[in-house]
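First comes the structure, then the notes that go with it.
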Ligand SMILES: Nc1ncnc2c1ncn2[C@@H]1O[C@H](COP(=O)(O)OP(=O)(O)OP(=O)(O)O)[C@@H](O)[C@H]1O
Ligand SMILES: [Mg+2]
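What follows is the structure in structure tokens.
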């Protein structure tokens with residue numbers, strides 16, 4: 009689908025349709041050779057996803073939310089988890105959200121990350137209202153523009169670190185081991201490129217999962233308790249990485265239970281009673 013060129017700073021973003029057929033590797037690409045064609049368990053790399061849409065995005069307006077409410081039904085009751093929230097985050101900004109367990113932090117991230125579309129209010133990603141996006145546009149946004157990091161890493165055990173990092177690019181029909189390696193080098197992790205997840209530490213797994221989230225150059229990085237499972241040292245390293253990701257231009261939105269971690273962000277918000285407000289130190 010071709011969209012008309014937009015004026016000013018709006019950038020048009022279109023993803024070419026790729027086929028479901030295996031992608032032939034170019035020199036330097038992750039290919040079908042011994043290292044990367046198959047994981048240790050012989051699983052084939054995923055075929056590329058069929059994406060066919062053009063998306064008109066304003067990369068400076070990463071997230072803009074007004075009047076967001078969300079309720080869950082429990083029995084005959086409606087439990088209001090988010091109530092009339094306003095929020096925004098810009099390019100290159102690092103924002104953390106703290107708040108008690110059950111206050112709605114993950115619910116909030118899931119809506120922004122296009123994992124939950126049942127809510128009221130207006131949520132805009134890159135200038136577009138989520139409600140106006142069709143499913144293929146959402147799929148492209150999730151793959152290209154939004155990176156996720158969760159508390160427990162989700163690396164695929166039968167693939168090396170580098171192959172895991174390249175996975176989001178391959179799913180989009182690309183893949184270039186050189187770029188994955190570059191990313192590993194930038195974050196001082198090139199030594200573990202060829203290792204399998206079982207051969208690296210918990211901190212390294214989490215960092216690798218973060219680089220996978222960064223692989224397609226997302227403008228928004230969502231991290232739900234990324235240091236929740238790590239010791240102090242590794243938490244510090246992950247927080248440095250998140251800061252570096254913001255320095256590279258991503259908007260970084262992190263939920264944490266750790267006040268010290270939260271204070272590493274540019275802005276700390278507190279989720280409480282369905283509201284999101286400035287955190288009082
Ligand atoms: N799918 C669901 N169905 C019903 N209620 C839900 C569902 N998911 C979450 N909730 C409820 O919504 C509230 C907010 O949950 P959420 O997971 O967003 O909290 P949280 O702030 O992330 O908590 P934690 O810090 O423990 O991760 C909780 O009371 C939870 O029980
Ligand atoms: Mg949570």
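In this note's numbering, the protein residues as written are 9 to 289. Heads up, the beta-carbon is just placed ideally off N, CA and C, and yes, glycines get one too. This structure is a prediction, so every number in the text was calculated from the model and none was measured.
Judged by DSSP in its simplified three-state form, residue 189 adopts helix. Counted as a single uninterrupted DSSP element, the beta strand (DSSP E) harbouring residue 82 occupies residues 71-82. By the Cβ rule, the segment 155-166 counts as touching the segment 231-242, because three or more pairs are nearer than 8 Å. The DSSP-derived three-state label of residue 106 is strand. Taken through DSSP and simplified to helix, strand or coil, residue 223 comes out as coil.
According to DSSP, residue pairing for residue 280 in a beta bridge involves 283. Secondary structure note for residue 260: its beta strand (DSSP E) is the uninterrupted segment 259-263. Between the beta-carbon of residue 99 and that of residue 199 there is about 31 Å, and that puts the pair past the 8 Å contact cut. Per the DSSP secondary-structure output, residue 164 pairs with nothing in a beta bridge. In the DSSP annotation of this structure, the continuous segment of the beta strand (DSSP E) that includes residue 231 starts and ends at 228-232.
Taken atom to atom, the span from the alpha-carbon of residue 287 to that of residue 218 is near 26 Å. When rounded, the separation of the alpha-carbon atoms in residue 147 and residue 138 is 12 Å. For residue 85, there is no enclosing alpha helix (DSSP H); the enclosing beta strand (DSSP E) covers residues 85-97. Taking 7 Å as the cut-off, the C-beta of residue 232 counts as close to a heavy atom of ligand 2. In the three-state scheme derived from DSSP, where H, G and I count as helix and E and B as strand, residue 249 is classed as helix. Setting aside the 5 residues that flank it on each side, residue 77 is surrounded in the same chain by 90, 91, 92, 128 and 129, each with a C-beta closer than 6 Å to its C-beta; the list follows chain order. Contact check for residue 172 against residue 163 passes: the beta carbons are separated by less than 8 Å.
Contact annotation: residue 170 and residue 188 have beta-carbon atoms nearer than 8 Å. Distances taken from the Cβ of residue 216 to the heavy atoms of ligand 2 include none shorter than 7 Å.
Taking one beta carbon from each stretch, the segment 238-256 and the segment 277-284 have fewer than 3 pairs nearer than 8 Å; the two do not touch. Counted as a single uninterrupted DSSP element, the beta strand (DSSP E) harbouring residue 130 occupies residues 128-133. A Cβ-Cβ contact shorter than 8 Å links residue 153 with residue 228. A residue is called buried when at least 16 other Cβ atoms come within 10 angstroms of its Cβ; residue 222 meets this threshold and is buried. Checking the DSSP bridge columns, you'll see residue 156 partnered with 230.
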